[in-house]
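Engineer: One structure follows; several queries about it will come next.
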Amino acid sequence: MKQSVQRYSVKIPKHDIIDKKVYYTISVYNLEGGQPKEIKKRYSELESMHQKILEWIHIFKIKIPLIHFPKKKFLFHTNQSEESIIKRRGELQQYLNEILACPELHCLGVVEEMLPKDPKIGGQKQNDQPIDRRWQEIQQLKESYLAKHGDSIFSLPQKKIELQNKQQYIFKFEDHIIFDDSALYTIQVTDTITNKSWKFTQRFQDLRDYHRQLKSIHLDFPLPNFPEKKLVNISDATDLRERKSQLQDYLNRIFGYQTIVESDIMVFFIAKSQLDGNEIGCRSKGTSQTTLENSSIKSKSQTTIEQFDDDHKQPRKITC
């Protein structure tokens, strides 16, 4: 049974002008009760939050109604008149209510920090609990996966104390096909903790999107470089073999950092790769119940480069 989704209401009852900058007082109410949460934000801070939300909607392919952020005024500043500020307050209030009407966004850090405490959980108890910023959609993915594979183990990144300095995920790039003028790579993942293995397919641009999201995370170390985009001739197997080697090295390097492994982005990446692998029916060798080999769906990646070349004799340039 799915848990009921909390409902929130936002009001912006007032504002303050400090050093010619407008600070909006935002009150967020939990309609199930409890004390509201009050925060102060500038327009620029809310605009940055909106851009972050748009990026995560894109990377996670979240389907929600189109949300419009109040446009910036170019001819004159909003803080030049009280009337403009009050109008802007109403626009931002409507925007924030639209955001909180989408439960898929509640687990995003910049949104979660605005939410008041759950009245069903005592204040002391809630404060003692670590904040889990993993997306609510991950839980939905997990439930969907387990519904199809009741005997399987759903693999998610574990805390470092449980890993005992052992890298949890190992990636291996196997075959590939050309689809829509782009290389579609088959990737095998092995969870060294649960001994679970599965396969899924991914394009170069999809992996690059995840890398761009990782660049927004504050890290205490340099993020490994992502392979450069380049044109590859599909008649030259060496080029694609080199590209697969570069991408394989990249994934194994970033998953060697526990901070990255436990990030929202990579938690989602691992969860989604298992569902995607199940959907395309990729099979692993062996008889382990923890692989996706028992899927009844036939693989879409069984087409080989040789079969593709039989129909297309002329070498072409593709991006991968």
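First residue of the sequence shown: 1, per full-length UniProt numbering; consecutive thereafter. Cβ coordinates follow ideal geometry from the N, Cα and C atoms, glycine included.
1. Can you check whether the CB of Ile-260 is closer than 8 Å to the CB of Tyr-210?
2. Exposed or buried, Gln-93, counting other C-beta atoms within 10 Å across all chains shown (16 or more means buried)?
3. Under a three-way DSSP split, which group does Ile-64 fall into?
4. Got a sec, what are the start and stop residues for the beta strand (DSSP E) Glu-228 sits in?
5. Helix, strand or coil: which one does DSSP assign to Leu-96?
6. Opposite Tyr-29 in the DSSP bridges: which residues?
7. Taking only the alpha-carbon atoms, compute the straight-line gap between Ser-296 and Gln-248 and give it to the nearest angstrom.
8. Identify the continuous alpha helix (DSSP H) that holds His-211 and give its terminal residues.
9. Roughly how many angstroms separate the alpha carbons of Lys-63 and Leu-54, rounded to a whole number?
10. Have a look at the DSSP bridge pairing and note the partners of Trp-56.
11. Can you list, in chain order, the residues of its chain with a C-beta nearer than 7 Å to that of residue 321? Leave out the 5 residues immediately preceding and following it.
12. For Gln-188, which of helix, strand or coil comes out of DSSP?
13. So who's on the other strand from Glu-38, going by DSSP bridges?
14. Output the boundary residues of the alpha helix (DSSP H) element that contains Glu-174.
15. Please report the straight-line C-alpha distance between Gln-258 and Asp-220, rounded to a whole angstrom.
16. Can you tell me whether His-106 is helix, strand or coil according to DSSP?
17. Return the chain-ordered list of same chain residues with a C-beta closer than 6 Å to the C-beta of Asp-16, the five sequence neighbours on each side being excluded.
Structural biologist: Short version:
1. No, these two residues do not count as a Cβ contact at 8 Å.
2. Looking at its Cβ environment, which holds 16 or more other Cβ atoms inside 10 Å, Gln-93 is buried.
3. Looking at Ile-64 - three-state DSSP - the assignment turns out to be coil, as it is neither helix nor strand.
4. That residue, Glu-228, is in no beta strand (DSSP E); it is neither H nor E in DSSP.
5. Residue state, collapsed to three classes: helix.
6. DSSP output for Tyr-29 lists Ser-9 as bridge partner(s).
7. Residue placement at Ser-296 is flagged as unreliable, the pLDDT there being 25, under the threshold of 50; the coordinate-derived value follows with that caveat. In a straight line, the C-alpha of Ser-296 is about 28 Å away from that of Gln-248.
8. DSSP places His-211 in the uninterrupted alpha helix (DSSP H) bounded by 204–214.
9. Computed Cα separation, rounded: 11 Å.
10. The bridge partners DSSP lists for Trp-56 come to none.
11. Residue coverage of the chain in this structure runs from 1 to 320, which leaves residue 321 outside it and unanswerable.
12. Three-state result, Gln-188: strand.
13. According to DSSP, residue pairing for Glu-38 in a beta bridge involves Ser-27.
14. Counting along the chain, no alpha helix (DSSP H) covers Glu-174; the unbroken beta strand (DSSP E) around it starts and ends at 169–179.
15. If I take the Cα positions, the gap works out to 12 Å.
16. It is coil, neither helix nor strand.
17. Here the set comprises Tyr-23.
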